[in-house]
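Let me begin by presenting the structure, written as structure tokens, before commenting on it.
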Amino acid sequence: MRMDRRNVLGALGATAAGLAAGSLLPSAAAAEAHDANPVNQFHAYLCAFHIAKKDPKFLVEAHHYCSMLREGVHQCVIFDSAGKGARILGVEYIISDKLYQGLPDAEKKYYHPHTYEVISGLLLAPDMPKDAEKEFMADLVTTWGKAWHTWPDPNTPLPMGEPLLMWAATRDGMIPEDALGGRDKRLKVSTAAIRKRRAYLGPVPQVDPPKSVDDIGRQWTNEGPDEPKRD
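Numbering (this note's numbering), first residue to last: 10 to 240.
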């Protein structure tokens, strides 16, 4: 039987806990250690594309494994794939709009919006049941993410260079059709169909990418009140 990533990590955690207890036999101590292991808390799997803020033409497919740290704060480990031998590209911290609005402008420039990604269907939760996904995406649509890639270019044999601040797509056309089509084929999904399914979240924003690394992100509009446009 092929084990998925969660089962593999769970098995590794249980083995380590058993060794720490001096035995591989199941025990209350081993189970407790397994449950407390931070790695075992990363259950939510999300897939999207990350774009370098300083160069919107540089993009990578980003596979997120996320856990809730506390109300309004999630943390994710980012891989270059969801398969065997996947490389850890970096991390992303996801916060609520309420927390984001309380940040100084000097900090806000590090956070990208998720609004377009969610409503357009670009951000996927492949393993999540549809009912749960609907509620999850409704909560996620106005959140913000701070993503740093410590392995900036997954094509290099080792992590090279300084960490790269990543951004998200904020309008149509930022993700090449071949990249999107390739992902749809591998994950056996239709981004176009998901986009239609998420119309209840509001109109799909069309926000230009930042012109500078110091620009602050916007969720819905290029100028004026940053609110969804209603017909």
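From the three backbone atoms N, C-alpha and C, an ideal C-beta is built for every residue, glycine too.
Rounded C-alpha distance that separates residue i from residue j
i: residue 159; j: residue 119; result: 15 Å
i: residue 195; j: residue 52; result: 21 Å
i: residue 32; j: residue 74; result: Residue confidence for residue 32 is low, a pLDDT of 40 falling below 50, so the modelled location carries little weight and cannot support an answer.
i: residue 222; j: residue 200; result: 29 Å
i: residue 76; j: residue 50; result: 6 Å
i: residue 132; j: residue 209; result: 16 Å
i: residue 232; j: residue 114; result: 17 Å
i: residue 47; j: residue 211; result: 35 Å
i: residue 104; j: residue 153; result: 5 Å
i: residue 145; j: residue 206; result: 14 Å
i: residue 180; j: residue 107; result: 23 Å
i: residue 99; j: residue 217; result: 25 Å
i: residue 248; j: residue 123; result: Outside the displayed range of the chain (10 to 240) lies residue 248, so it cannot be described from this structure.
i: residue 81; j: residue 148; result: 10 Å
i: residue 239; j: residue 215; result: 13 Å
i: residue 65; j: residue 186; result: 15 Å
i: residue 171; j: residue 139; result: 39 Å
i: residue 78; j: residue 192; result: 29 Å
Member of the options whose CA lies at the smallest distance from the CA of residue i
i: residue 198; options: 71, 97, 134, 112; result: 134
i: residue 109; options: 151, 129, 219, 156; result: 151
i: residue 166; options: 58, 95, 78; result: 95
i: residue 184; options: 68, 56, 144, 82; result: 68
i: residue 55; options: 162, 163, 137; result: 137
i: residue 97; options: 83, 78, 157; result: 157
Anticipated Cβ contact below 8 Å, residue i with residue j, distance rounded
i: residue 85; j: residue 101; result: 4 Å
i: residue 237; j: residue 229; result: 5 Å
i: residue 58; j: residue 188; result: 7 Å
i: residue 126; j: residue 178; result: 6 Å
i: residue 161; j: residue 173; result: 4 Å
Boundaries of the beta strand (DSSP E) in which residue i is found, first to last residue
i: residue 53; result: 53 to 61
i: residue 70; result: 64 to 79
i: residue 156; result: 153 to 158
i: residue 210; result: Where residue 210 is concerned, there is no enclosing beta strand (DSSP E), given that its DSSP letter is neither H nor E.
i: residue 176; result: 173 to 176
i: residue 86; result: 82 to 88
Continuous alpha helix (DSSP H) stretch holding residue i: start and end
i: residue 108; result: 106 to 110
i: residue 131; result: Unbroken run through residue 131: none, as it is neither H nor E.
i: residue 137; result: Where residue 137 is concerned, there is no enclosing alpha helix (DSSP H), given that its DSSP letter is neither H nor E.
i: residue 202; result: 200 to 206
i: residue 196; result: 186 to 196
i: residue 114; result: 114 to 117
Close Cβ partners of residue i (< 6 Å) along its chain, the five nearest in sequence each way excluded
i: residue 91; result: 72
i: residue 142; result: 134
i: residue 176; result: 60, 62, 121
i: residue 155; result: 102, 119, 120
i: residue 17; result: In this prediction, residue 17 has a pLDDT of 37, which is less than 50 and means its spatial position is unreliable; nothing more can be read from the coordinates.
i: residue 169; result: none
i: residue 227; result: 216, 235
Close Cβ partners of residue i (< 7 Å) along its chain, the five nearest in sequence each way excluded
i: residue 129; result: 204, 213
i: residue 225; result: 114, 117, 118
i: residue 6; result: Past the edges of the chain, shown from 10 to 240, lies residue 6, and the structure says nothing about it.
i: residue 83; result: 75, 76, 77, 103
i: residue 93; result: none
is_contact[residue i, chain E] using C-beta, thresh 8 Å
i: residue 73; result: Absence of chain E from the displayed structure is noted, only one protein chain being present.
Cutoff 8 Å; reference residue i; Cβ partners in own chain excluding five residues on either side
i: residue 182; result: none
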